[in-house]
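Undergrad: Taken in sequence, the protein lines are chains V, C and G.
In terms of the numbering used here, the first sequence opens at residue 1 and continues consecutively.
In terms of the numbering used here, the second sequence opens at residue 1 and continues consecutively.
In terms of the numbering used here, the third sequence opens at residue 1 and continues consecutively.
Note that CB positions come from ideal geometry on N, CA and C, so glycine has one too.
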Amino acid sequence: MWNESGNQWPMNIYSYYVGYNPPTSVNPIPRFPRIHNNAFLSPFTYIVGNVTIENNTYVGPFVSIRADEGTPFYVGSNSNLQDGVILHGLKNKYMEKDNKRYSIYIGNGVSCAHGSLIHGPSRIDDNVFIGFKAIVYNARVAEGCFISSGAVVTNGVELKPNSFVPPGANIDTQEKADRLSPVPKTEEEFAIEVQRVNQEFPASYSLYFGKSKCTCGLSC
Amino acid sequence: MWNESGNQWPMNIYSYYVGYNPPTSVNPIPRFPRIHNNAFLSPFTYIVGNVTIENNTYVGPFVSIRADEGTPFYVGSNSNLQDGVILHGLKNKYMEKDNKRYSIYIGNGVSCAHGSLIHGPSRIDDNVFIGFKAIVYNARVAEGCFISSGAVVTNGVELKPNSFVPPGANIDTQEKADRLSPVPKTEEEFAIEVQRVNQEFPASYSLYFGKSKCTCGLSC
Amino acid sequence: MWNESGNQWPMNIYSYYVGYNPPTSVNPIPRFPRIHNNAFLSPFTYIVGNVTIENNTYVGPFVSIRADEGTPFYVGSNSNLQDGVILHGLKNKYMEKDNKRYSIYIGNGVSCAHGSLIHGPSRIDDNVFIGFKAIVYNARVAEGCFISSGAVVTNGVELKPNSFVPPGANIDTQEKADRLSPVPKTEEEFAIEVQRVNQEFPASYSLYFGKSKCTCGLSC
Numbered sequence: 001m002w003n004e005s006g007n008q009w010p011m012n013i014y015s016y017y018v019g020y021n022p023p024t025s026v027n028p029i030p031r032f033p034r035i036h037n038n039a040f041l042s043p044f045t046y047i048v049g050n051v052t053i054e055n056n057t058y059v060g061p062f063v064s065i066r067a068d069e070g071t072p073f074y075v076g077s078n079s080n081l082q083d084g085v086i087l088h089g090l091k092n093k094y095m096e097k098d099n100k101r102y103s104i105y106i107g108n109g110v111s112c113a114h115g116s117l118i119h120g121p122s123r124i125d126d127n128v129f130i131g132f133k134a135i136v137y138n139a140r141v142a143e144g145c146f147i148s149s150g151a152v153v154t155n156g157v158e159l160k161p162n163s164f165v166p167p168g169a170n171i172d173t174q175e176k177a178d179r180l181s182p183v184p185k186t187e188e189e190f191a192i193e194v195q196r197v198n199q200e201f202p203a204s205y206s207l208y209f210g211k212s213k214c215t216c217g218l219s220c
Numbered sequence: 001m002w003n004e005s006g007n008q009w010p011m012n013i014y015s016y017y018v019g020y021n022p023p024t025s026v027n028p029i030p031r032f033p034r035i036h037n038n039a040f041l042s043p044f045t046y047i048v049g050n051v052t053i054e055n056n057t058y059v060g061p062f063v064s065i066r067a068d069e070g071t072p073f074y075v076g077s078n079s080n081l082q083d084g085v086i087l088h089g090l091k092n093k094y095m096e097k098d099n100k101r102y103s104i105y106i107g108n109g110v111s112c113a114h115g116s117l118i119h120g121p122s123r124i125d126d127n128v129f130i131g132f133k134a135i136v137y138n139a140r141v142a143e144g145c146f147i148s149s150g151a152v153v154t155n156g157v158e159l160k161p162n163s164f165v166p167p168g169a170n171i172d173t174q175e176k177a178d179r180l181s182p183v184p185k186t187e188e189e190f191a192i193e194v195q196r197v198n199q200e201f202p203a204s205y206s207l208y209f210g211k212s213k214c215t216c217g218l219s220c
Numbered sequence: 001m002w003n004e005s006g007n008q009w010p011m012n013i014y015s016y017y018v019g020y021n022p023p024t025s026v027n028p029i030p031r032f033p034r035i036h037n038n039a040f041l042s043p044f045t046y047i048v049g050n051v052t053i054e055n056n057t058y059v060g061p062f063v064s065i066r067a068d069e070g071t072p073f074y075v076g077s078n079s080n081l082q083d084g085v086i087l088h089g090l091k092n093k094y095m096e097k098d099n100k101r102y103s104i105y106i107g108n109g110v111s112c113a114h115g116s117l118i119h120g121p122s123r124i125d126d127n128v129f130i131g132f133k134a135i136v137y138n139a140r141v142a143e144g145c146f147i148s149s150g151a152v153v154t155n156g157v158e159l160k161p162n163s164f165v166p167p168g169a170n171i172d173t174q175e176k177a178d179r180l181s182p183v184p185k186t187e188e189e190f191a192i193e194v195q196r197v198n199q200e201f202p203a204s205y206s207l208y209f210g211k212s213k214c215t216c217g218l219s220c
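1. Short of 6 Å in beta carbon distance, which residues of its chain neighbour residue 58 (chain G), apart from the five on each side in sequence? Order them along the chain.
2. Take residue 33 (chain V) as the anchor and find which of V:23, V:67, V:167, V:204 has the nearest alpha-carbon.
3. Pull up the distance between the alpha-carbon of residue 38 (chain V) and that of residue 12 (chain V), whole angstroms please.
4. How close, in whole Å, do the beta carbons of residue 15 (chain G) and residue 43 (chain G) come, if the pair is a contact with beta carbons under 8 Å?
5. Give me the Cα-Cα distance between residue 156 (chain V) and residue 140 (chain V), rounded to the nearest whole angstrom.
6. Counting contacts by CB-CB distance shorter than 8 Å, is residue 188 (chain C) in contact with chain V?
7. Any idea what DSSP makes of residue 67 (chain C), helix, strand or coil?
8. DSSP three-state call for residue 160 (chain C): helix, strand or coil?
9. Taking all protein chains shown into account, decide if residue 174 (chain G) is buried (16 or more other Cβ within 10 angstroms of its Cβ) or exposed.
10. So is residue 32 (chain C) in contact with chain G if we call contact Cβ pairs under 8 Å?
11. Using a Cβ-Cβ cut-off of 7 Å (strictly less than) and excluding sequence neighbours within five positions of residue 114 (chain G), which residues of its own chain qualify?
12. Give me the chain C residues within the contact set of residue 46 (chain G), using Cβ-Cβ distance strictly less than 7 Å, ordered along the chain.
13. Is the number of C-beta pairs between the region 120-131 of chain G and the region 99-109 of chain G that are closer than 8 Å three or more?
14. Along the region 101-126 of chain G, where does the CB come closer than 9 Å to a CB of chain V? Name the residues.
15. Does the beta carbon of residue 130 (chain V) sit closer than 8 Å to a beta carbon anywhere in chain C?
16. Less than 7 Å between C-beta atoms, sequence neighbours within five positions excluded: which residues of the same chain meet that for residue 176 (chain G)?
17. State yes or no: is the C-beta of residue 172 (chain G) within less than 8 Å of the C-beta of residue 154 (chain G)?
18. For residue 30 (chain V), I'd like the list of residues in its chain whose CB is within less than 6 Å of its CB, leaving aside the five on either flank, ordered along the chain.
19. Taking residue 160 (chain G) as the reference, give the member of G:183, G:17, G:170, G:152 with the closest Cα.
20. Straight-line CA distance for residue 193 (chain C) to residue 167 (chain C)?
21. How is residue 2 (chain V) classed by DSSP in three states: helix, strand or coil?
22. Going by beta carbon distance, what residues of the same chain come within less than 6 Å of residue 77 (chain C), once the five residues before and after it are set aside?
23. What is the DSSP secondary structure of residue 58 (chain C), counted as helix, strand or coil?
24. What number of angstroms, rounded off, separates the C-alpha of residue 112 (chain G) from the C-alpha of residue 47 (chain C)?
25. Straight-line CA distance for residue 17 (chain C) to residue 50 (chain C)?
26. Could you compute how far the alpha carbon of residue 151 (chain C) sits from the alpha carbon of residue 93 (chain G)?
27. Determine whether the Cβ of residue 242 (chain C) lies closer than 8 Å to any Cβ atom of chain G.
28. Taking the alpha-carbon positions, what's the residue 206 (chain V) to residue 110 (chain V) distance?
29. For residue 97 (chain G), tell me which candidate among G:75, G:191, G:10 has the shortest Cα-Cα distance.
30. Taking the CB atoms as reference points, tell me whether residue 189 (chain G) and residue 146 (chain G) lie closer together than 8 Å.
31. For a test of the three-state rule: what should DSSP assign to residue 24 (chain G), helix, strand or coil?
32. What in chain C is Cβ-close to residue 13 (chain G), meaning under 9 Å?
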C-alpha cells in the first residue's frame, strides 16, 4: 500500500524527535530542550520541553522525556537512560535541589536500566542505580542507592544514602524506607561496572554520526 | 557509517506510522485506522488495522495499537494512551458493547498511564484510570474504576463500577474482583486531574503541527 | 515550530534503524546485523551490532535489539519479538549452545510477548513462551517452557524442559526452578496458537512493503 507512491519503504534511518512542549494552561510557554554536545541521543528518542541533559549522558532508543506537564527535568553528567525509559511529571509538584525546584532531578553517574519509569516529583542523587522496569514516583533517592528490578519507590518516601531496595519491593512508607539495608558489595560493584560501560557510549556512538550536534537537535 | 552516503544523520523529524493490517488467515481484509481530526498522534506512534480513535484523544510516543490479530479496537473521546502503552488482542475473542463486538473497547475519558498494556478481549468503560505498567487482559472494567500501578486484571473477570484495584494486585478470579473496595476520594480526584491535563494536549500539540490532519495520517 | 521550515510535519513513514555497534573497549569491532530476507522488521525497530535473525521471525514495533555490550545475539526461525521487547546483554558473559558462545541465544518457535525483557547472558531453547512484561536475565530456559506474565527468571537458574512459571513468580534460585510444575495443557495450546498467528506475520507484512529486503536493512 505504502509502496504505491513509489517511495522506498521501509527506510533505514536514524531519527529522533526533540521539540518544544505545547503551550497549555499548566505550561503556557514552550521551551526547547538543552542537550549537551557530548550527550548522545539514540534513534527513536523523544524529548520535549524544559529538559537539560548534561555532558556524556547516554539516552537509549524508545526513551521518552516528556516535560509537557511537570517541569523542568534535569539529567546530570555521565548518566544513562536505557531502552524504553520514561520520564514524566505531575504538574506543579517539585523536588528541591540546591535551592532550585525540579519536577525531575537526576544527578551524575545515575543508571536508569531498561524499562524503568521515573515520574515527577522525584529527585535522584548521584550514583544511583535503578533496575529493570523499576518505578520511582514521588520519591527522593539519596546518593548511592540501588533499586533492584521491578521495585517501586513512591508516596513521598526518602531513601537514605546507600539504601538497597530488593527486587520487586514496594517501598511506599517512610517506615519501610528507613528499614532498608545498605547496598551489598556485589550490587555496588555491578552498578560501577554498568557506569563504566555506559560512559563509553556517548563518544563511541557519536563517532558514527558526526560530532557537531547542537542543542537544536539537528546535526549541522 | 551511515554518514558515508552524504546524508545528514541523525535527523530530527516528527514521524509516526499509521497503516493497514496485513492480510492473514485471521484477518483477510486489510483495514486502515479511522482517526478523528482532533485526536493527536505523537511522534513514534504505531497504529495498524481496524482501529477507531475518537475526538480529542491523546496518543503518546512509543504507543503501539496493533489490530492485526484481535480486531476491531475502539478508543473513545477525551481518552489518553500515554508513553509506551500497547494495545493488542487475541484473534476471534470479543467483548460486547451496545450490541457490537470489539477485541478492545475503551470508552470516553479513560486514562491509560505510562507503560500500561491493554490486551483484547477487553472492555474498559468511561472514566477508568489505568496506572503505570498495569495489565488489563481478558477483562471487563466498568465505569469509574481505578487500577493502580503494576496491577493485573485478567482471566475473564468483571470489575463493578467504581472498583479500586490496589498497587500490584493480581485480580484473576471473580471472587477477588467482587471483594474490591470503592475508589478512595484521593484516587478519584487524581484521575480527574490526569484527565484535565491530558484533555488539553490534543489541541495544544496539534497547534504546533498544523490543523488539517486527515484520517490517512498524513498532514495535507 | 517545526512547520516553519515549510516541511510537512508530521510524516507518516515506515522507518527502522539497523546499524553497527559503536567501537568500545568491550567491543572494538563494529558489526552489522544479519537479518534473513524472510524475517520481518516492523516500523520503529532498533537493531545494532552482532545480531542474527533467522527465517520467518517477526520483530514488532519499539523492539530494541542492542548488541553493543554483551554480544553476539541469535534469534532462530519462526520466533517473534512482540511490541516493546528489549534484548541487551552484560559484557563478557556467555551461554553456550552447540559449542558456541552467545550473550543471548533464542531458539526456533519462541514467543516473546509484549514488553518482555531478555537480558544476557541468557539462553532460551525452542518453543518457549515468554509472557507479557516477563524478565529473563542470566538464565537458561529449556525447550517448551512457559513463563507467565510479569514473572522473573534470573540468578543463573536453569529451567528444565516444559517448566511452567506462574504469573508474577520470581524464580531466583535453582531450588525454586526445580520445583516448577510442567506446563498445563491450556497454556501449551495457547503457546501453539500464538505461534500460529505470529508465523503468518513475516510473509503477510512483507507483502505490503516489497520482498527484496537485503541484510543491509534497506529495501532495494
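TA: Reading from the atomic positions:
1. Position 58 of the third sequence holds residue 58 (chain G). Cβ within range, chain order: 40, 80, 198, 201, 202.
2. Taking the first sequence and counting its residues from 1, one reaches residue 33 (chain V) at position 33. Residue 33 (chain V) has its Cα closest to that of V:67, out of V:23, V:67, V:167, V:204.
3. In the first sequence, residue 38 (chain V) corresponds to position 38, counting from 1. In the first sequence, residue 12 (chain V) corresponds to position 12, counting from 1. Residue 38 (chain V) and residue 12 (chain V): Cα-Cα distance of roughly 24 Å.
4. Within the third sequence, the letter at position 15 stands for residue 15 (chain G). Within the third sequence, the letter at position 43 stands for residue 43 (chain G). Their Cβ separation, rounded to whole angstroms, is 6 Å, which keeps residue 15 (chain G) and residue 43 (chain G) in contact under 8 Å.
5. In the first sequence, counting from the first residue as 1, residue 156 (chain V) sits at position 156. In the first sequence, counting from the first residue as 1, residue 140 (chain V) sits at position 140. Their backbone Cα atoms lie some 7 Å apart in a straight line.
6. In the second sequence, counting from the first residue as 1, residue 188 (chain C) sits at position 188. Judged by the 8 Å Cβ criterion, residue 188 (chain C) is not in contact with chain V.
7. As a working note, residue 67 (chain C) is residue 67 in the second sequence. Three-state result, residue 67 (chain C): strand.
8. Position 160 of the second sequence, counted from the first residue, corresponds to residue 160 (chain C). Reduced to three states, the DSSP call for residue 160 (chain C) is coil.
9. Counted from its first residue, the third sequence places residue 174 (chain G) at position 174. Residue 174 (chain G) is exposed by the Cβ-count criterion.
10. Taking the second sequence and counting its residues from 1, the one referred to as residue 32 (chain C) is at position 32. Judged by the 8 Å Cβ criterion, residue 32 (chain C) is not in contact with chain G.
11. In the third sequence, residue 114 (chain G) corresponds to position 114, counting from 1. So the qualifying residues of the chain are 82, 83, 84, 132.
12. Stepping through the third sequence from its first residue, residue 46 (chain G) is reached at position 46. None at all; the shortest Cβ gap to chain C is about 11 Å.
13. yes
14. 115, 117, 119
15. As a first step, residue 130 (chain V) is located in the first sequence; it is residue number 130 there, counting from the start. No, no contact with chain C.
16. Position 176 of the third sequence, counting from 1, holds the residue named residue 176 (chain G). There are no such residues.
17. To locate residue 172 (chain G), count along the third sequence from 1; it is residue 172. To locate residue 154 (chain G), count along the third sequence from 1; it is residue 154. Against a cut-off of 8 Å, the Cβ pair of residue 154 (chain G) and residue 172 (chain G) comes out as a contact.
18. The sequence position of residue 30 (chain V) within the first sequence is 30, counting from 1. Contacts found: 20, 21, 23.
19. In the third sequence, counting from the first residue as 1, residue 160 (chain G) sits at position 160. Residue 160 (chain G) has its Cα closest to that of G:183, out of G:183, G:17, G:170, G:152.
20. On the second sequence, residue 193 (chain C) is found 193 positions in, with the first residue counted as 1. On the second sequence, residue 167 (chain C) is found 167 positions in, with the first residue counted as 1. Roughly 19 Å between the two C-alpha positions.
21. Here residue 2 (chain V) corresponds to residue number 2 of the first sequence, with the count starting at 1. Here the model assigns residue 2 (chain V) a pLDDT of 41, short of 50, so the residue's position is not dependable and the matter cannot be decided.
22. As a first step, residue 77 (chain C) is located in the second sequence; it is residue number 77 there, counting from the start. 54, 55, 56, 108.
23. The count along the second sequence starts at 1 and reaches residue 58 (chain C) at position 58. Reduced to three states, the DSSP call for residue 58 (chain C) is strand.
24. The count along the third sequence starts at 1 and reaches residue 112 (chain G) at position 112. The count along the second sequence starts at 1 and reaches residue 47 (chain C) at position 47. Roughly 20 Å separates the two Cα atoms.
25. For the purposes of this step, residue 17 (chain C) is taken as the residue at position 17 of the second sequence. For the purposes of this step, residue 50 (chain C) is taken as the residue at position 50 of the second sequence. Residue 17 (chain C) and residue 50 (chain C): Cα-Cα distance of roughly 14 Å.
26. Residue 151 (chain C) sits at position 151 when you count from the first residue of the second sequence. Residue 93 (chain G) sits at position 93 when you count from the first residue of the third sequence. About 33 Å.
27. The first residue shown for chain C is 1 and the last is 220, placing residue 242 (chain C) beyond what the model contains.
28. What you label residue 206 (chain V) is simply residue 206 of the first sequence in a count that begins at 1. What you label residue 110 (chain V) is simply residue 110 of the first sequence in a count that begins at 1. Each residue's alpha carbon lies about 20 Å from the other.
29. The count along the third sequence starts at 1 and reaches residue 97 (chain G) at position 97. Closest option to residue 97 (chain G), Cα to Cα, is G:75.
30. On the third sequence, residue 189 (chain G) is found 189 positions in, with the first residue counted as 1. On the third sequence, residue 146 (chain G) is found 146 positions in, with the first residue counted as 1. No, they are not a contact pair.
31. Walking along the third sequence from the start, residue 24 (chain G) turns up at place 24. Reduced to three states, the DSSP call for residue 24 (chain G) is coil.
32. The residue labelled residue 13 (chain G) in the question sits at position 13 within the third sequence. The contacting residues are 13, 15, 16, 17.
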